[in-house]
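J.:
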Amino acid sequence: MSSKSFLKGAAILAAAGIIVKIMGAFFRIPLGNMIGSEGMGYYQTSYPIYVALLTISTAGIPTAISKLVSEKNAVGDRYGAHRIFKVSFALLFIIGIVTSAILFFGSGMIVKFMKNEGARASMVAIAPALLFVPIMAAFRGYFQGLQDMVPTAISQIIEQFGRTVVGFLLAYYLLNKLNKGLEIAAAGASFGAAAGAITGTLMIILIYYMRRKKILKEIGLRPIQKQEPAGKILTRILYIAIPITIGAAILPIMNMIDATIVMRRLQAIGFSPDEANGLYGQLTGFAAPLINFPQMLTVGLAVSLVPAISEASQRRDMKTVRSTVQMGTRIAVLIGLPAAMGLVILAKPIMILLFPLKPESAIGAAGSLAILGIGVIFLSLVQTFTGILQGLGRPTVPVINLFIGSIFKILATYFLTGIPSLNVKGAAIGTVTAYAIAAILNFFAVKRLTKTKFSVTNFVIKPVIAVSAMSISVLFVYTRFVDVFGNKLTTVVAIGVGALIYGLMLLTTGGITKEDFEMIPGGRKMAKVLGMMGLLRK
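Per the numbering used here, the very first residue in the sequence shown carries number 39; after that it's consecutive.
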């Protein structure tokens, strides 16, 4: 694959990923307003189990399919490439049946162990998704192996669209029209994942059949190589897929364990199952989704760092590697630090702004959001350092470091959630602990591998000065005007004023440069305008 086609493919998938994240993040806000913390507790209890099973069953196989198909395609063996697709399709179809059956029939036992039996309907509703996502994964791997990323991107967006629209509308209908209660409404939201998987699968099958004539013409040619038996193809797929799956499954499995610990520990200190479920819903359904918004910027940054670092590393141009590492890390700090402080300072106003229909749940979740907000800076650095390490050809390093962080997360969650005064906020502290440890370990790994020096002035002092000025202005605006204009308008204005002050302080202190802007999508145009105004240093 040429560098140009690789970058184009990466850009297509990155853009689709950002769109999917935006849709997913916004889905939870109206859903939370409708079903509240109790309903979100049921919904969020089923989700980690689903994601863990999905990751274990499919994480590495599309990559393996893509690799093997691309190898066959490189030597012109389209017949062999399509045969790999057919064998892998059969494998994934069987895996889908098994995992879907495990969740569907094992849901009762799982929710009893997790001590949240009200979540059973949600688990049953989401189980069919495990049948269709593996089918979709087979097609995605095949098309990606042919260097065609468009079908994957389209199916991802259609899948998420189906998930959000069907999930929300079904939950609304069940709750408000049929009066079925929160357990069933949450199940309706969970079924959105199955609906999304079905629509995404149908879309990618449609794309396949639209191109079927061309595909059949190519595979109808006489095989240019002796074809491998199906058993050998399966062995090769699993050889590639299993290590990838192990790495990808660490965080979902840890989240599944974490969900179980939180529910059991909350009930151990005296909360009823319904109260524990409500607190868990506040944490995972109200507070946690908000820390995903800053990620939309840092994910794009991490994606752009991989080819930039990789290309310079291949040329052994360590000067460029180090300058790119410095620039990427500084941007991560400049994005993550104000986002973190904003969530900490305005946790309660933001929650009330976003969840006006459930004020009690919103206020209850504010404490968890303030804690999770601190973790945004660490999460931004984790994503950025992961992109850097992947570009350096060390993709396992951030996986191992995140695993270490997750171990500390489980320990912290277990002990801190058992403290009555902290309760579910102990789990939030555990999450921040995991990201902090992973970020620190990744930092030292990057520093060791690249010998990069980080200026305290540029990486700490200037951003802290800017974010301090931002924080003071935000607090002043909010406390001064909230009684006059109310929470909604004052919160929006305070955020806008804070962003303006932060940007001006960065420009004044030289905390951000022209090169920094060029790392951000659309940054070149912004840099040009600011340069013409005399506000941007080179």
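Idealized CB from N, CA, C, for every residue including glycine.
Does the beta-carbon of S342 have 16 or more other beta-carbons within 10 angstroms, so that it is buried, or is it exposed?
T.: Buried: at least 16 other Cβ atoms inside 10 Å.
J.: Please state the DSSP three-state secondary structure of T547.
T.: DSSP places T547 in helix when its eight states are reduced to three.
J.: Going by the CB atoms, is the gap between Y516 and P31 shorter than 8 Å?
T.: Here the chain covers residues 39 to 576 and nothing more, so residue 31 does not appear.
J.: Pop quiz: G456 and A306 are said to be a contact at Cβ under 8 Å. What is the actual Cβ separation, rounded to whole angstroms?
T.: That belief holds up - the Cβ atoms of G456 and A306 are roughly 6 Å apart, short of 8 Å.
J.: Using 8 Å as the threshold, is the C-beta distance between T434 and G366 below it?
T.: No. Outside cutoff.
J.: Mapping the DSSP letters down to three states, classify S310 as helix, strand or coil.
T.: S310 falls in the coil class under three-state DSSP.
J.: Return the first residue and the last residue of the alpha helix (DSSP H) that I503 is part of.
T.: Its alpha helix (DSSP H) spans residues 500–523.
J.: Can you give, in chain order, each stretch of the alpha helix (DSSP H) that sits fully within the region 67–139 and has at least 4 residues?
T.: Entirely contained in the region 67–139, the alpha helix (DSSP H) runs reaching 4 residues are, in chain order, 99–112.
J.: Assign E266 to one of three DSSP states: helix, strand, or coil.
T.: E266 falls in the coil class under three-state DSSP.
J.: State buried or exposed for G118, treating a residue as buried only when at least 16 other CB atoms are found within 10 Å of its CB.
T.: Per the 10 Å Cβ criterion, buried.
J.: What is the DSSP secondary structure of D186, reduced to helix, strand or coil?
T.: D186: coil per DSSP, three-state reduction.
J.: Identify whether P281 lies in helix, strand or coil by the three-state DSSP scheme.
T.: Three-state result, P281: helix.
J.: When the Cα atoms are used, what is the spatial distance from K150 to V204?
T.: One C-alpha to the other measures close to 28 Å.
J.: Measuring straight from C-alpha to C-alpha, what distance separates N315 and S75?
T.: One C-alpha to the other measures close to 8 Å.
J.: In whole angstroms, what is the alpha-carbon distance linking G319 and M78?
T.: Each residue's Cα considered, the two are about 5 Å apart.
J.: Would you tell me roughly how many angstroms separate the C-alpha atoms of A13 and I412, rounded to the nearest one?
T.: The structure shown has nothing for residue 13, since the chain only spans 39 to 576.
J.: Could you give the C-beta distance for S228 and S160, rounded to a whole number, given that I count them as a contact under 8 Å?
T.: Their Cβ separation, rounded to whole angstroms, is 4 Å, which keeps S228 and S160 in contact under 8 Å.
J.: Can you give me the C-alpha to C-alpha distance between M508 and G536, rounded to a whole angstrom?
T.: Their backbone Cα atoms lie some 5 Å apart in a straight line.
J.: Going straight from the alpha carbon of L317 to that of Y211, what length do you get?
T.: Distance between the alpha carbons of L317 and Y211 is about 25 Å.
J.: Answer yes if the region 102–114 comes into contact with the region 179–187, meaning at least three C-beta pairs across the two stretches below 8 Å, and no otherwise.
T.: With a cut-off of 8 Å, the region 102–114 and the region 179–187 count as touching, because enough Cβ pairs lie within range.
J.: Put T424 into one of helix, strand or coil per three-state DSSP.
T.: Helix at T424.
J.: Three Cβ pairs or more, each shorter than 8 Å: is that satisfied between the region 137–144 and the region 284–293?
T.: The region 137–144 is not in contact with the region 284–293.
J.: Is L343 near the ligand SAH, with its Cβ less than 7 Å from a heavy atom?
T.: Ligands are entirely absent from the displayed structure, and the ligand SAH is therefore not among its contents.
J.: Check whether the Cβ atoms of A466 and L321 sit closer than 8 Å, and answer yes or no.
T.: For A466 and L321, yes; Cβs fall inside 8 Å.
J.: With DSSP run on the structure shown, which of helix, strand or coil describes A54?
T.: In this structure, A54 counts as helix in the three-state DSSP scheme.
J.: Between A400, K563, D521, which has its C-alpha nearest M72's C-alpha?
T.: Here the closest residue by C-alpha is A400.
J.: If you check the beta carbons only, do S418 and I373 fall under 8 Å apart?
T.: Cβ distance < 8 Å, so S418 and I373 count as in contact.
J.: Under the three-state reduction of DSSP, which class applies to F492: helix, strand or coil?
T.: Coil.
J.: Are I388 and L381 close, meaning C-beta to C-beta below 8 Å?
T.: Against a cut-off of 8 Å, the Cβ pair of L381 and I388 comes out as a contact.
J.: Which same chain residues, not among the five before or five after S41, have their C-beta less than 8 Å away from its C-beta?
T.: Confidence is the limiting factor: at S41 the pLDDT is only 47, short of 50, which leaves the residue's position unreliable, though a coordinate-based value still follows. Answer for S41: P345, E349, listed in chain order.
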